[in-house]
Amino acid sequence: MNPSRSFLLLILVAGAWLMPGTDASAQRRRHGGADFPGIDKSHREAENFAEGERYYILEDFAKALLYFQNTVEINPANGAAHFKIAEIYLKSNREADYQRAAQSIEEAIRLDKKNKYYYILASSIYSGLSNFGRAEQTLETMMKEVKGTEEYLYQLAALYQYDRKPMEAIRVYNRAEAVMGINEVSSLQKQKLYLENEQIDEALKEGEKLMAAFPDEERYVLDFVETLAQYGQRQRAIAFLEKYMASHPDASDGKVVLANFYRDDGKEEQSRKLLVDIFNDPTQDFQTKVMVVGQYQERISSLRMKNAPDAGMEEFALSLANRLLQDYDYEANAHLVAADIFNTLGKSSEAQRAYRRAIQLGTTTFEAWQNLLFLESADNAFDSLIAHTEAGLELFPNQGMLYYFNGYAHLRKKHYREAATSLEQSRKLSTGNIQLIGEINGMLGDTYNGLKDYPKSDRAYEDALAFNPSNDYVLNNYSYYLALRKENLEKAEKMSSQLVKEHPDNANYLDTYAWVLYAREKYRDAKKAMERAIETGGAGAAHFEHYGDILFRLGQTDEAVTQWKKARGLQTTNAALDRKISNRSIE
Numbered sequence: 142m143n144p145s146r147s148f149l150l151l152i153l154v155a156g157a158w159l160m161p162g163t164d165a166s167a168q169r170r171r172h173g174g175a176d177f178p179g180i181d182k183s184h185r186e187a188e189n190f191a192e193g194e195r196y197y198i199l200e201d202f203a204k205a206l207l208y209f210q211n212t213v214e215i216n217p218a219n220g221a222a223h224f225k226i227a228e229i230y231l232k233s234n235r236e237a238d239y240q241r242a243a244q245s246i247e248e249a250i251r252l253d254k255k256n257k258y259y260y261i262l263a264s265s266i267y268s269g270l271s272n273f274g275r276a277e278q279t280l281e282t283m284m285k286e287v288k289g290t291e292e293y294l295y296q297l298a299a300l301y302q303y304d305r306k307p308m309e310a311i312r313v314y315n316r317a318e319a320v321m322g323i324n325e326v327s328s329l330q331k332q333k334l335y336l337e338n339e340q341i342d343e344a345l346k347e348g349e350k351l352m353a354a355f356p357d358e359e360r361y362v363l364d365f366v367e368t369l370a371q372y373g374q375r376q377r378a379i380a381f382l383e384k385y386m387a388s389h390p391d392a393s394d395g396k397v398v399l400a401n402f403y404r405d406d407g408k409e410e411q412s413r414k415l416l417v418d419i420f421n422d423p424t425q426d427f428q429t430k431v432m433v434v435g436q437y438q439e440r441i442s443s444l445r446m447k448n449a450p451d452a453g454m455e456e457f458a459l460s461l462a463n464r465l466l467q468d469y470d471y472e473a474n475a476h477l478v479a480a481d482i483f484n485t486l487g488k489s490s491e492a493q494r495a496y497r498r499a500i501q502l503g504t505t506t507f508e509a510w511q512n513l514l515f516l517e518s519a520d521n522a523f524d525s526l527i528a529h530t531e532a533g534l535e536l537f538p539n540q541g542m543l544y545y546f547n548g549y550a551h552l553r554k555k556h557y558r559e560a561a562t563s564l565e566q567s568r569k570l571s572t573g574n575i576q577l578i579g580e581i582n583g584m585l586g587d588t589y590n591g592l593k594d595y596p597k598s599d600r601a602y603e604d605a606l607a608f609n610p611s612n613d614y615v616l617n618n619y620s621y622y623l624a625l626r627k628e629n630l631e632k633a634e635k636m637s638s639q640l641v642k643e644h645p646d647n648a649n650y651l652d653t654y655a656w657v658l659y660a661r662e663k664y665r666d667a668k669k670a671m672e673r674a675i676e677t678g679g680a681g682a683a684h685f686e687h688y689g690d691i692l693f694r695l696g697q698t699d700e701a702v703t704q705w706k707k708a709r710g711l712q713t714t715n716a717a718l719d720r721k722i723s724n725r726s727i728e
């Protein structure tokens with residue numbers, strides 16, 4: 142019996158005997174005063190079932206269960222109540238409740254062998270108990286007992302698949318096709334099962350049947366061709382696809398697959414001709430063109446990573462990307478995929494322009510924002526970096542990387558308070574990225590040093606070094622700022638000494654080491670370190686100024702002034718340096 146129909150029937154029974162404002166015994170008296178025990182039992186059965194349904198709808202399943210159990214106590218032959226009890230037990234995750242559900246639904250089926258809903262629920266319960274054989278047999282029985290249930294053949298086949306009975310699943314899919322005809326679901330599943338069992342010929346026959354039934358469905362052709370190629374019949378795949386393309390010249394996906402076959406076989410000219418045809422045809426699918434450019438980007442990136450770039454491929458891919466931009470200027474994905482090509486090829490300005498256009502057109506791809514920010518940071522475009530991170534945060538308020546770049550840009554512009562706020566937020570949002578947190582801590586060390594909050598600065602540097610004791614950036618900056626403050630100089634010397642041992646030809650690290658030695662009044666050692674820095678050829682104004690300071694402390698005033706003048710020649714303005722030169726002294 143259908144549960145909803147039985148509920149309606151019971152309500153009608155209850156309504157026939159219960160009138161508003163009277164109790165059951167009063168009604169019995171009004172109809173002659175005699176008691177009718179059978180009628181009273183029906184009343185109570187209907188009332189309990191109705192209450193059970195009410196609480197079930199309210200999702201108060203404990204009370205619903207109680208009323209349904211009362212119902213079957215009154216009438217053990219109420220199949221609908223047994224069904225509802227099984228439904229409630231099935232909502233539990235406990236195996237014991239699943240067992241109770243099984244007992245209830247078995248009783249419901251015993252009482253009514255023609256209700257398909259009982260069988261369907263029973264199958265679900267047995268599946269939950271991992272008793273797949275019983276679940277399968279239940280559906281098999283349902284299809285024998287209940288007419289018009291062939292639609293559940295697919296559910297039965299899926300059970301056989303899950304139960305690792307591929308041949309049984311295929312048998313059921315064949316039954317489904319006999320009733321409903323050849324269709325995608327059964328055919329593709331049979332192909333999958335045959336391939337898993339290494340029955341390649343049978344899988345191919347299924348593919349041929351599906352194509353014959355739907356000759357204009359390109360997807361089935363491409364699946365068939367892919368199977369041929371995957372299982373060692375590549376030339377047959379190419380020949381089949383060429384024949385299909387001859388009768389379906391507008392099949393854009395087929396052109397792409399055939400072009401890939403040609404390219405892999407070294408037939409580059411034939412491959413590119415097909416792709417150019419696609420890009421020259423305005424009726425061809427836009428997403429197909431995007432996919433082609435994306436595939437080239439991946440291949441170019443892979444070849445470059447292997448240090449084996451293909452100049453011809455890169456030039457052709459660029460031409461396709463530019464054609465895409467020309468024809469689809471108002472499509473965000475066109476600019477996005479073109480930007481990725483430009484970025485891979487190191488064309489920073491073109492990539493930035495395309496990423497900005499994609500963002501302007503409303504792309505919601507976070508990678509577009511992230512790639513743009515990386516490029517802008519590499520170009521030291523800090524104003525743009527700040528503007529774009531603030532815009533990005535309106536769309537992605539929980540992306541720690543946006544706060545990171547915002548903090549980085551503010552730090553480089555010496556906006557220390559803004560930098561601290563953004564970097565702290567980035568650290569909170571990036572707990573799963575330990576490497577990024579290490580970088581953030583290093584930058585916070587610089588930021589708090591700029592704010593003259595030295596305890597926080599030192600703590601941030603220490604946190605960064607706890608993650609990576611060989612962090613060059615932190616070792617250099619931490620030791621340099623300690624030297625400027627003339628604090629913890631022994632630690633500063635240890636860190637900078639470690640750095641120059643690992644990077645003996647780095648002018649900046651040698652300069653820091655020399656400056657730490659200078660702060661410790663080890664002027665002769667500082668002189669040697671600074672001379673090594675200058676000899677690297679990478680020295681700048683700061684190196685020569687520091688060298689002059691060291692020489693001055695060693696009493697070599699003339700030589701010091703000479704170095705200060707060299708430094709002055711490499712700078713536009715430096716009042717402190719000018720005073721050193723004019724006074725021939727350090728203030």
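In this text, residue positions in the sequence shown follow this note's numbering: the first is 142, and each later residue adds one. No residue lacks a Cβ here, since even glycine has one placed at the ideal position from N, Cα and C.
Going by DSSP, residue 467 is part of the alpha helix (DSSP H) stretching over 452-468. For residue 627, the closest alpha carbon among the candidates 659, 311, 472 and 521 is that of 659. In the three-state scheme derived from DSSP, where H, G and I count as helix and E and B as strand, residue 198 is classed as helix. The straight-line gap separating the alpha-carbon atoms of residue 531 and residue 542 is approximately 12 Å.
Taken through DSSP and simplified to helix, strand or coil, residue 217 comes out as coil. Sixteen is the threshold: since fewer than 16 other Cβ atoms of the shown chains lie within 10 Å of the Cβ of residue 235, the residue is exposed. Annotation for residue 596: the continuous alpha helix (DSSP H) segment containing it runs 595-608. If the five residues before and after residue 633 are omitted, its C-beta is found closer than 7 Å to the C-beta atoms of 620, 623, 624 and 657, all from its own chain and listed in chain order. The three-state secondary structure of residue 487, taken from DSSP, is coil. Judged by DSSP secondary structure, residue 238 falls within the alpha helix (DSSP H) whose first and last residues are 236-252.
Around the beta carbon of residue 199, fewer than 16 other beta carbons sit within 10 angstroms, so the residue counts as exposed. By the 16-neighbour rule on beta-carbons within 10 angstroms, residue 512 is buried.
Look at the region 364-394 and you find these whole runs of alpha helix (DSSP H), each 4 residues long or longer: 375-388.
Between residue 427 and residue 472, the C-beta gap is smaller than 8 Å, which places the two residues in contact. When rounded, the separation of the alpha-carbon atoms in residue 425 and residue 416 is 11 Å. Relative to the Cα of residue 580, the nearest Cα in the group 554, 555 and 544 belongs to 544.
Cβ neighbours of residue 279 within its own chain (closer than 7 Å, five residues either side excluded): 260, 263, 264 and 267. Distance from the CA of residue 225 to the CA of residue 495, rounded to the nearest whole angstrom, comes to 60 Å. Going by DSSP, residue 702 is part of the alpha helix (DSSP H) stretching over 698-710. Apart from the 5 residues on each side of it in sequence, residue 316 sits with its Cβ closer than 6 Å to the Cβ of 294 in its chain, given in chain order. Using a 10 angstroms sphere on the CB of residue 474, the tally of other CB atoms reaches 16 or more, which defines it as buried.
Rounded to the nearest whole angstrom, the CA to CA distance from residue 206 to residue 327 is 40 Å. Rounded to the nearest angstrom, the gap between the Cα atoms of residue 256 and residue 202 is 23 Å. By a beta-carbon distance limit of 8 Å, residue 641 contacts residue 651. Their separation comes to about 6 Å. Ranked by Cα distance from residue 460, the first of 588, 421, 243 and 443 is 421. Here the alpha carbons of residue 407 and residue 510 stand approximately 37 Å from one another.
Ranked by Cα distance from residue 714, the first of 683, 561, 252 and 648 is 683. Closest in C-alpha terms to residue 590, from the list 557, 604 and 567, comes 557. Three or more Cβ pairs closer than 8 Å define a contact, and the region 334-343 falls short of that threshold against the region 318-326. A residue is called buried once 16 or more other Cβ atoms fall within 10 Å of its Cβ, and residue 716, having fewer, is exposed. Between the alpha carbons of residue 213 and residue 192 lies a distance of about 13 Å. Apart from sequence neighbours up to five positions away, the residues of its chain that approach residue 438 with a beta-carbon distance below 6 Å are 481, 482 and 485, ordered along the chain. The beta carbons of residue 523 and residue 555 sit no closer together than 8 Å. In this model, residue 443 and residue 453 are separated by some 15 Å (Cα to Cα).
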